[in-house]
Amino acid sequence: DSGVTQTPKHLITATGQRVTLRCSPRSGDLSVYWYQQSLDQGLQFLIQYYNGEERAKGNILERFSAQQFPDLHSELNLSSLELGDSALYFCASSGSGAFQETQYFGPGTRLLVL
Amino acid sequence: KNQVEQSPQSLIILEGKNCTLQCNYTVSPFSNLRWYKQDTGRGPVSLTIMTFSENTKSNGRYTATLDADTKQSSLHITASQLSDSASYICVVNSGTYKYIFGTGTRLKVLA
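Just so you know, the protein sequences line up as chains A and B, in that order.
With my numbering, letter number 74 in the first sequence gets 74, and the count goes up by one each step, no holes.
With my numbering, letter number 107 in the second sequence gets 1107, and the count goes up by one each step, no holes.
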C-alpha cells in the first residue's frame, strides 16, 4: 500500500459525459501527478501540481482539467468523453515534486467509456 | 523526438535465474532515469532512480545501470522469484518536469 488513495476504483460512463476522478496523496506529500495508461499508448504523464499550483503539463487534452485543493487532494476532470479515453488513470504523489524524488502511485481508477 | 525504447517486449525465465532488461533513450536534456515495476492492474512501484552522474544503483535483487554517453540503461534481476512476474517500465525525465515512458518489458517467471 503506497498511501495514495484514488476513488472511484471503477467508472463506466457514456460518450459525451463528464467524470471526476479523485486522489488523496500520502500524508505530508505536497506534489500530485496524474498519469493515463491505455493499452495502445502505455503510460503518459498528464499534469503535476505542487501545493495547489500547476507545475508541469504533459500530454493532457484540452477536454481534461485538474486542480489541487488546499487540503492537497486533487481531482482530474474529464469532459466530452470519447471511446479513446477508456484507460487506467493513476495519481502519484511525492514530497516536494523535485526531479529526483520517488513518486508513489495509487491503485488507479479504471475508466470505461461506452 | 524524445523516445524511450525497451527490449525485449516480453521475457520468460525460470525461477532462480537472472535476467537483464534494456532501455535505450533519445531524450534530451536528461535529468534522471527511473525503473518501475508494475503488477497487472496495479500502480507502478519505483525500483531505482538514477541521475546523470550515477552509473549503478541497487534495490535488493534489482540492479540498474546507466551509461549516459550511449544513452542506455539496464535492469538486472538476480535470482528471480515468482513475484518478479510483472511489467518493468523505464522512464526518463527530461528535466522539465516531464516524463517519457517506455512501453515496458513483460516478465514472466515460471516455477
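All residues carry an ideal CB built from backbone N, CA and C; glycine is no exception.
On a predicted model such as this, the values are computed, not experimentally measured, just so you know.
Output yes if chain A places a C-beta closer than 8 Å to the C-beta of residue i; else output no.
i          : result
Lys1098(B) : yes
Thr1056(B) : no
Thr1051(B) : yes
Gly1104(B) : yes
In chain B, which residues lie less than 9 Å from residue i when you measure between Cβ atoms?
i         : result
Gln118(A) : Residue 118(A) cannot be examined here, being either before or after the span of chain A that is shown, 1 to 114.
Gly108(A) : Gly1041, Arg1042 and Gly1043
Ser65(A)  : Within chain B, no residue comes near Ser65(A); the closest Cβ sits about 18 Å away, beyond 9 Å.
Ser27(A)  : None at all; the shortest Cβ gap to chain B is about 17 Å.
Using the beta-carbon of each residue, which ones in chain A are nearer than 8 Å to residue i?
i          : result
Phe1101(B) : Gly42, Leu43, Gln44 and Phe45
Have a look at residue i and residue j and give me their C-alpha separation to the nearest angstrom.
i          : j          : result
Thr20(A)   : Lys1001(B) : 32 Å
Lys9(A)    : Arg1042(B) : 11 Å
Ser96(A)   : Leu1021(B) : 30 Å
Leu1075(B) : Phe1052(B) : 16 Å
Leu39(A)   : Asp71(A)   : 33 Å
Leu61(A)   : Ile1012(B) : 37 Å
Lys1098(B) : Arg18(A)   : 26 Å
Gly52(A)   : Glu75(A)   : 11 Å
Arg1061(B) : Gln41(A)   : 29 Å
Leu1082(B) : Gly16(A)   : 43 Å
Leu1033(B) : Val1091(B) : 6 Å
Ile1100(B) : Ser1073(B) : 14 Å
Gln68(A)   : Thr7(A)    : 15 Å
Trp34(A)   : Gly58(A)   : 9 Å
Ser86(A)   : Ser1031(B) : 31 Å
Arg110(A)  : Glu101(A)  : 26 Å
Gly3(A)    : Ala1068(B) : 33 Å
Gln1003(B) : Gln36(A)   : 17 Å
Output, in chain order, the set of chain A residues within a Cβ distance shorter than 7 Å of residue i.
i          : result
Gly970(B)  : Since the displayed chain B opens at 1001 and closes at 1111, residue 970(B) lies outside it and no answer follows.
Pro1044(B) : Phe105
When you compare the CB of residue i with every CB in chain B, is at least one pair closer than 8 Å?
i         : result
Gly58(A)  : yes
Gln36(A)  : no
Thr102(A) : yes
Closer than 7 Å to a non-hydrogen atom of the ligand NAP - does that hold for the CB of residue i?
i          : result
Ser1074(B) : With respect to the ligand NAP, the structure shown offers nothing to examine, as it has no ligands at all.
Please compile the residues from chain B whose C-beta is within a distance smaller than 7 Å of the C-beta of residue i.
i       : result
Ser2(A) : Gly1043
Short of 9 Å Cβ to Cβ, which residues in the stretch 78-95 of chain A face chain B? Result list: Leu88, Phe90, Cys91 and Ala92.
What residues in the stretch 1021-1037 of chain B have a beta carbon less than 9 Å from any beta carbon of chain A? Ser1031, Asn1032, Arg1034 and Tyr1036
In chain order, what residues of the stretch 1064-1083 of chain B put their CB closer than 9 Å to some CB of chain A? none
Start-end ranges of the beta strand (DSSP E) lying completely within the stretch 26-105 of chain A, minimum 3 residues: 31-38, 42-50, 53-57, 64-68, 74-78 and 87-94
Counting only runs of 3+ residues fully inside the stretch 1006-1031 of chain B, write out the beta strand (DSSP E) ranges in chain order. 1010-1014 and 1019-1025
Identify each residue in the stretch 1002-1021 of chain B for which the Cβ-Cβ distance to at least one residue of chain A is less than 9 Å, and report them in chain order. none
Pick out the complete beta strand (DSSP E) segments inside the stretch 1078-1102 of chain B, 3 residues or longer, and give them in chain order. 1086-1093 and 1099-1101
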